[in-house]
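Its first residue numbered 196, the sequence shown is counted upward by one per residue in our numbering.
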Amino acid sequence: MALIFIRTAIIFFTLLLIMRLMGKSQIGEMQPFELVITLLIAELACIPMADSSVPLLYGIISIVTIFILHQIVWLLDLWFKPMKTVVCGKPSLVITRDGVDSFQLRKNNLDVSDLIESMRGAGYFNLDDVYYGLYEANGKFSALAKEEPTATLPLLLVDNGKPDEKNAEIAGITVGDVKKFAEEQQVKLKNVLVMTVDGNGRVYFQQKGKPYKILKMQVNGQW
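Shown next, in the form of structure tokens:
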């Protein structure tokens with residue numbers, strides 16, 4: 196028991212030292228390669244802590260090796276800038292002045308509902324509350340906000356051509372009403388990228404491959 200305690204303490208302080216040497220990004224928003232390194236270090240640390248038959252030195256050498264690889268990648272990033280794009284990726288602009296960029300969403304395995312969730316997490320509740328929105332290489336959502344964002348909560352009625360029956364019911368309308376509204380804009384429902392409506396009947400409407408529009412419709416729900 197005492198041996199396991201001592202081995203665990205040694206691994207703990209070794210990890211603490213290595214994480215401190217790696218810098219603040221390791222304990223904040225991590226880049227993809229930093230996440231891989233963190234997972235590897237966690238796995239390598241568990242083996243000598245749990246299995247006393249594994250020499251403690253093996254675990255320490257493995258962890259230090261990972262640290263050296265981290266420093267090599269960091270130096271390559273300083274000397275050869277394209278290396279950062281190769282290893283970490285680059286930001287993706289998902290909202291432009293024309294609206295949502297569906298290609299960038301698909302490229303990042305996201306849909307409109309994922310984007311709206313990220314916006315809410317950043318404090319934006321309408322798709323047109325920002326001029327530009329992007330996902331950083333570490334997955335964090337950033338935006339250039341408008342001076343006066345709208346103060347009402349929208350409901351997502353259509354996501355990539357698929358109507359949301361539950362949200363339509365909350366808005367006091369039917370899927371048929373949503374389809375009719377799209378047809379009034381001379382757009383088939385399957386070709387609507389995103390459509391939201393707030394409590395005042397303000398509609399964010401964007402056809403696939405087209406700039407968004409701000410329209411008006413009658414809603415009867417209370418939310």
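The beta-carbon is built from N, C-alpha and C at its ideal position, and this holds for glycine as well.
With residue i as the anchor, note down where its alpha helix (DSSP H) starts and where it stops.
i	result
residue 363	360-365
residue 302	297-302
residue 390	Note, residue 390: premise wrong, no alpha helix (DSSP H); beta strand (DSSP E) at 387-392.
residue 376	370-379
From what residue to what residue does the beta strand (DSSP E) around residue i run?
i	result
residue 397	397-402
residue 348	First-last for residue 348: undefined, no H or E at that position.
residue 325	325-330
Please list, in chain order, all residues of the same chain as residue i whose beta carbon is under 6 Å from its beta carbon, the five residues on each side excluded.
i	result
residue 415	367
residue 256	none
residue 222	Unreliable placement is indicated for residue 222, whose pLDDT of 46 sits below 50; no coordinate value is reported for it.
Excluding the five sequence neighbours on either side, which residues of its own chain have a C-beta within less than 7 Å of the C-beta of residue i, listed in chain order?
i	result
residue 291	327
residue 412	376, 392, 396, 398
residue 405	none
residue 402	382, 386, 387, 388
residue 426	The structure shown does not extend to residue 426, since the chain is modelled only from 196 through 418, so no value can be given for it.
For residue i, which option in the options has the closest C-alpha, if you only look at C-alpha atoms?
i	options	result
residue 302	410, 375, 286	286
residue 304	294, 289, 315	289
residue 382	296, 268, 325, 400	400
residue 380	363, 408, 365, 314	408
residue 295	236, 234, 338, 271	338
residue 234	342, 265, 277	265
Going by beta carbon distance, what residues of the same chain come within less than 8 Å of residue i, once the five residues before and after it are set aside?
i	result
residue 238	none
residue 306	300, 354, 355
Inset, instruction - May I ask you to verify whether the stretch 354-366 touches the stretch 261-269, counting CB pairs closer than 8 Å and requiring at least 3? - result: no
Inset, instruction - Taking only runs that begin and end inside the stretch 243-288, name each unbroken alpha helix (DSSP H) of 4 or more residues, in chain order. - result: 251-274, 277-283
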